[in-house]
């Protein structure tokens, strides 16, 4: 019987040896950038439809736009990209762009003014979720042939009224304004879908990279465009792999299996700071974390109660503990670095003041439910709120669900309180003013489910008109002052307690240079990266 | 043997029981003696007793309130003064949370055990006794549920009903009943055709009476073994749901949810996920040890020892 | 032995040969089970408070866009009609489009299933290679220390939360020791370097004689597969032990011993030979269990398998994907069950 024991021992030993002898990779190839990121939110790679973070990251590197941001100088604002220059008509409604000569799509087709017109009309006709970024200027399927026109090497767009030019151009830097190759796309059209189905999984752009493959929830691979008009990128291949766990991303980075880790939680960021060969880069992003109070709730609609809740949030405690390095306190709806952003954060945890306000409102023993999606940082914020609300005698119950579950209720105006995050859609103050402080029709029948103010049944107390006025103001400094004023009122009276602004800490290998995550205004760019 | 000096033990071990109750107690006692000889089963039993005690006396045993946060004193290591097992991400005492967590574990186990085996027993015995179309339909339904990937079925139900501990219990029970139904049916089929049941039927007993009074008692012992062996599976399933965020909701100190919370810190603060992991492991092991021992006692025909 | 295949007692008397009748009954029972499976999944999907429309259009959509997507998904039709359409399509091999991956579900499953199969296969091999000898030794040396160890090994296997063990294993063997590859199926170097024929990377790499890629893929699979293998080891070794005990106490074994046959011959040539069929049944069931998609293991190891696929789909209300995945997994489960039943019927004299 000893033979069995031996046999088993040998098997176990062999197994262990096999494991020991395995190769351990130490470095990624010199001309390839490997990134770990959560990319399971990508559902399409059609620029007319994509509206998720990971999708914007991919599409920014594939599609050129008329105007765009320089990854090495984001503060400079929008710059010429596929358009070399533009002029604004006297009435301020028509902008005419002159196209850059000699730029080619990945297919080899030239980039023409017709492609621009096609791309914009395509957005209007498809009418997918992000299309409002363009259609808010009054483009409709009926009028688009008159409002979007081509003349030789120029393309003109005519808006329904006069808007701040910066507002229009900022919108044209968004993902949805990516220019697609009309010839290639229409060759793949099925049933009049403008190639929507095909573009979900293929690319037809003129940017620094083309799509090599997208394996849903696994990876996205990009190949460098050798004919990129700014010069062929140094990284010939970029691979973004989906890694869910922060700890795993960190291990992979420290082991040299990846160059960049995008989703690190504060504990792992601290760990990476101590590790060798890797460093942490931090960028302020546009995403805000807030709680909002449904104005259909009889108690929450009292201004004192709204104020009181804003004093029952431990901004500092959270920022310095579990949110350290991931969020900073920010109590205004415009993210820092945006036009009109302010740095005033008047609220802090003040239980006595909150109690006094609640007493003033005659509220006692309030019980509330907060909708939270099942992401760890939000669960922690939720539990911290639970803790501090309890100090003033408010019982807060967490209702946890997947993102879609909680969102459905929020959109149906069914939650007392929602703990949510909001990321700007385009780099203009109107992107947030137009949703936090704009709600022209507060009735249930309006079904303005896209507007945060509507979702909380808040009539904005006059801020709607002010926001509408600010977006058409041509003078930059006047416009800025208007946003200052709107935010001051908003901070004080709104049912929103904006709490934090996101900082993205990315772990990167020491030899990676020139990576830009896109700041608060755009997405990541790979073409300036070197190793 | 003289009646004067008869001890309780002798009475229990008597070869000639004097009453039904006597016989039953005697059988029970003999089983207990066999079980007691099995050291591993006794270890299991001891751990479970400890768990019960912990759950019962949680407020006295726990050094801290399991919900009180202290953001300034978070992620403390093992052996910190006042926090033997350290503190978690929100500065709550891990030991206290684990002690209170034992209540949740027991709660889940108790609820599932009250639902699944009884539902299975009901379906199985009715199918087995009635036969014909009833049998075909009931067993087909059982098969459908058996063919489901278990965790996925549970996930689907929790997703449908909403996350929460009661729904997690329901979902687990829903995936746990079919094997009981099959077992009960098989037993019923053998019992049904026995002379003993025929005799009772001839005495005029109705099907309800036969099932509840005569078939159920005979299925109980194998059911108990199966339940004990399944306990570990139930605990693991509940923890798995908690881990996926679909079980107990925060701030509840459910062990699986604690692992889920702690896994983010696994590289630098490994104990936060490890301690509840060990707790789950210990309790499941205890139930398995006990179940293994019980099988020897109650179910000799299926004995593997 | 649990078995899914159930033959009703009173069969209609058809003038058919018994094998054909058997096949027909089996087929009928599979179809009923599958239809039921579809129905239950479909029903769960429709009562779920996750809105499939939102999964498609995202947070900021207007009510018009919402309504357009609602119509496009056919959600305005009654549940019964939706179900009928769905079953009709499935019968034609069309599982519909996945909302999340923008591809046909059948294509998705063809991609993710080989990953699960590869993992389950390596896992079951691990379980057999270690579990069977362990069970045999435990039975032969009943009551010895090795029997006790086998028992503890098995019970520990039954009791360990796999997600915790997985995390710890990953931390130790990948993070600290660097003995194995990280999460995922392959290192980034080796992706797309050889043609994908079976979808199982080990097999494809071997076919392409790309040994470095093979080694790399092995380094990634070894940890999750041994974890799963440990679970099947626990089950297989316990069952082997009890089957062997039964045989070893049989009279013919005593006779063989008395005749002076070597212990090795008694154990392997006689006793073990007789438990082969039972063992295969156990292994088939255990394999079915692993193929069901070991959801938690796949999640911990970022393994793009079917368990992972169904779970993420479920949480985003991608019902076509959930239904398709569940049907495939259920079908495999049912088939493996029938396979083991058949084996039993053919080889085990007692069941005749």
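Residue numbers (the working numbering), protein chains in the order written: chain W, 72 to 602; chain E, 7 to 311; chain Y, 45 to 396.
All C-beta atoms, glycine included, are put in the ideal place defined by N, C-alpha and C.
- Item | Neighbourhood of residue 156 of chain W by C-beta distance below 8 Å, restricted to the same chain and skipping five residues each side | Within the first chain, the letter at position 85 stands for residue 156 of chain W. The residues are 168 and 169.
- Measure the alpha-carbon distance for residue 404 of chain Y versus residue 491 of chain W and round it to whole angstroms. Not covered by the structure: residue 404 of chain Y. The range shown for chain Y is 45 to 396.
- Query: Considering only C-alpha positions, which residue in the set W/422, W/574, W/418 and W/481 is nearest to residue 440 of chain W?
  - Reply: The sequence position of residue 440 of chain W within the first chain is 369, counting from 1. Minimum Cα distance to residue 440 of chain W is reached at W/481.
- Query: Taking 8 Å as the CB-CB limit, is residue 256 of chain E close to chain W?
  - Reply: Taking the first residue of the second chain as position 1, residue 256 of chain E is located at position 250. Closer than 8 Å to some Cβ of chain W, the Cβ of residue 256 of chain E qualifies, so yes.
- Query: In terms of residue numbering, what span does the alpha helix (DSSP H) encompassing residue 100 of chain E cover?
  - Reply: Counting from one through the second chain, the residue named residue 100 of chain E turns up at place 94. Segment 100-136, the alpha helix (DSSP H) holding residue 100 of chain E.
- Query: At a Cβ threshold of 8 Å, is residue 486 of chain W touching chain E?
  - Reply: For the purposes of this step, residue 486 of chain W is taken as residue 415 along the first chain, with counting starting at 1. Closer than 8 Å: no.
- Task: Give the range of the beta strand (DSSP E) segment to which residue 248 of chain E is assigned.
- Result: Against the second chain, residue 248 of chain E aligns to sequence position 242. Here residue 248 of chain E belongs to no beta strand (DSSP E); instead the alpha helix (DSSP H) covers 222-249.
- Query: What residue range is occupied by the uninterrupted alpha helix (DSSP H) comprising residue 247 of chain W?
  - Reply: Mapped onto the first chain, residue 247 of chain W falls at position 176. Boundaries for residue 247 of chain W: no alpha helix (DSSP H) harbours it, and the DSSP string shows neither H nor E there.
- If residue 420 of chain W and residue 386 of chain W are in contact, beta carbons under 8 Å, what's the gap, nearest whole angstrom? On the first chain, position 349 is the one that residue 420 of chain W refers to. On the first chain, position 315 is the one that residue 386 of chain W refers to. The distance from the Cβ of residue 420 of chain W to that of residue 386 of chain W is about 7 Å, consistent with a contact at the 8 Å cut-off.
- Task: May I ask you to report which of helix, strand or coil DSSP gives residue 556 of chain W?
- Result: Here the question's residue 556 of chain W lines up with position 485 in the first chain. DSSP, read as helix, strand or coil, puts residue 556 of chain W in helix.
- Query: Name the chain Y residues that come within less than 7 Å of residue 67 of chain E, Cβ to Cβ?
  - Reply: Residue 67 of chain E sits at position 61 when you count from the first residue of the second chain. Those within 7 Å of residue 67 of chain E in chain Y number zero; the least Cβ separation is about 23 Å.
- Query: Near residue 75 of chain E, which residues of its chain fall below 8 Å by C-beta distance, leaving aside the five closest residues on each side in sequence?
  - Reply: In the second chain, the residue the question calls residue 75 of chain E occupies position 69. Cβ neighbours of residue 75 of chain E within its own chain (closer than 8 Å, five residues either side excluded): 96, 97 and 98.
- Item | As assigned by DSSP and simplified to three states, the class of residue 582 of chain W | Here residue 582 of chain W refers to the residue found at position 511 of the first chain. When DSSP states are grouped into helix, strand and coil, residue 582 of chain W belongs to the coil group.
- What number of angstroms, rounded off, separates the C-alpha of residue 291 of chain Y from the C-alpha of residue 385 of chain Y? The sequence position of residue 291 of chain Y within the third chain is 247, counting from 1. The sequence position of residue 385 of chain Y within the third chain is 341, counting from 1. Residue 291 of chain Y and residue 385 of chain Y: Cα-Cα distance of roughly 21 Å.
- Item | Near-chain W residues of the region 220-251 of chain Y - C-beta to any C-beta below 8 Å | The region 220-251 of chain Y vs chain W, Cβ under 8 Å: 222, 223, 224, 225, 226, 227, 228, 231, 232, 233, 235 and 236.
- Message: Assuming residue 351 of chain W is part of the beta strand (DSSP E), what are its boundary residues?
- Response: Locating residue 351 of chain W in the first chain gives position 280, where the first residue counts as 1. Unbroken beta strand (DSSP E) run through residue 351 of chain W: 349-364.
- Message: Taking CB distances under 8 Å as the criterion, tell me whether residue 192 of chain W reaches chain Y.
- Response: The residue given as residue 192 of chain W occupies position 121 in the first chain. So, not an interface residue.
- Message: Considering Cα atoms alone, identify which of Y/256, Y/65, Y/190 and Y/166 is closest to residue 177 of chain Y.
- Response: Mapped onto the third chain, residue 177 of chain Y falls at position 133. Of the listed residues, the one whose Cα sits closest to residue 177 of chain Y is Y/190.
- Item | Short CB-CB distance (under 8 Å) between residue 327 of chain Y and chain E | As a working note, residue 327 of chain Y is residue 283 in the third chain. For residue 327 of chain Y, no CB of chain E lies under 8 Å from its own CB, so it is not counted at the interface with that chain.
- Taking just the CA atoms, how far does residue 457 of chain W sit from residue 422 of chain W? The count along the first chain starts at 1 and reaches residue 422 of chain W at position 351. The count along the first chain starts at 1 and reaches residue 457 of chain W at position 386. In this model, residue 422 of chain W and residue 457 of chain W are separated by some 13 Å (Cα to Cα).
- Message: Please return the same chain residues whose Cβ sits closer than 8 Å to the Cβ of residue 98 of chain W, not counting the five positions on each side in sequence.
- Response: As a first step, residue 98 of chain W must be located in the first chain, where it is residue number 27. Only 327 meet the Cβ criterion.
- Would you mind giving the Cβ-Cβ distance between residue 386 of chain E and residue 277 of chain E, rounded to the nearest angstrom? I have them listed as a contact below 8 Å. Coverage of chain E is limited to positions 7 through 311, which leaves residue 386 of chain E absent and any answer about it impossible.
- Buried/exposed call for residue 292 of chain E, threshold 16 Cβ in 10 Å: In the second chain, counting from the first residue as 1, residue 292 of chain E sits at position 286. Buried.
- Task: Taking 8 Å as the threshold, find out whether the region 284-298 of chain W comes into contact with the region 110-130 of chain W through three or more Cβ pairs.
- Result: The answer is yes - the region 110-130 of chain W touches the region 284-298 of chain W, with three or more Cβ pairs under 8 Å.
- residue 266 of chain Y (DSSP reduced to helix, strand or coil): Numbered from its first residue, the third chain carries residue 266 of chain Y at position 222. In the structure shown, residue 266 of chain Y sits in a helix (DSSP, three-state: H, G or I).
- Message: Please identify the residue among W/361, W/153 and W/579 whose C-alpha is closest to the C-alpha of residue 249 of chain W.
- Response: Counting from one through the first chain, the residue named residue 249 of chain W turns up at place 178. Distance check between residue 249 of chain W and each of W/361, W/153 and W/579 places W/153 closest, using alpha-carbon atoms only.
- Beta-carbon separation of residue 277 of chain W and residue 173 of chain W under 8 Å? In the first chain, the residue the question calls residue 277 of chain W occupies position 206. In the first chain, the residue the question calls residue 173 of chain W occupies position 102. No, they are not a contact pair.
- Query: Would you report the Cα separation of residue 103 of chain E and residue 72 of chain E, rounded to the nearest angstrom?
  - Reply: Within the second chain, numbered from 1, the residue matching residue 103 of chain E stands at position 97. Within the second chain, numbered from 1, the residue matching residue 72 of chain E stands at position 66. Between the alpha carbons of residue 103 of chain E and residue 72 of chain E lies a gap of roughly 5 Å.
- Item | Test item: CB-CB of residue 381 of chain W and residue 568 of chain W under 8 Å | Counted from its first residue, the first chain places residue 381 of chain W at position 310. Counted from its first residue, the first chain places residue 568 of chain W at position 497. Taking a C-beta distance under 8 Å as the contact criterion, residue 381 of chain W and residue 568 of chain W qualify as a contact pair.
- Below-8 Å beta-carbon distance, residue 112 of chain E vs any chain Y residue: Against the second chain, residue 112 of chain E aligns to sequence position 106. Using a Cβ-Cβ cut-off of 8 Å, residue 112 of chain E does not count as an interface residue toward chain Y, since no Cβ of chain Y sits closer than that to its own.
- Residues of chain Y with CB under 8 Å from residue 520 of chain W, in chain order? The residue given as residue 520 of chain W occupies position 449 in the first chain. Simply 105, 106, 107 and 110.
- Message: I need the DSSP call for residue 491 of chain W, collapsed to helix, strand or coil.
- Response: Position 420 of the first chain, counted from the first residue, corresponds to residue 491 of chain W. It is a strand residue.
- Query: What does a CB cutoff of less than 7 Å around residue 528 of chain W pick up in its chain, not counting 5 residues either side in sequence?
  - Reply: Along the first chain, read from residue 1 onward, the residue named residue 528 of chain W stands at position 457. So the list reads 365, 366, 367, 484 and 513, once near-sequence residues are dropped.
- Message: According to DSSP, residue 398 of chain W sits in a beta bridge with which residue or residues?
- Response: The residue labelled residue 398 of chain W in the question sits at position 327 within the first chain. According to DSSP, which records beta bridges pairwise, residue 398 of chain W is partnered with W/573.
- Query: Does the beta-carbon distance from residue 225 of chain W to residue 188 of chain W come in below 8 Å?
  - Reply: Walking along the first chain from the start, residue 225 of chain W turns up at place 154. Walking along the first chain from the start, residue 188 of chain W turns up at place 117. No.
- Item | DSSP-derived helix/strand/coil call for residue 333 of chain Y | For this step, residue 333 of chain Y is matched to residue 289 along the third chain. Of the three classes helix, strand and coil, the one that applies to residue 333 of chain Y here is helix, per DSSP.
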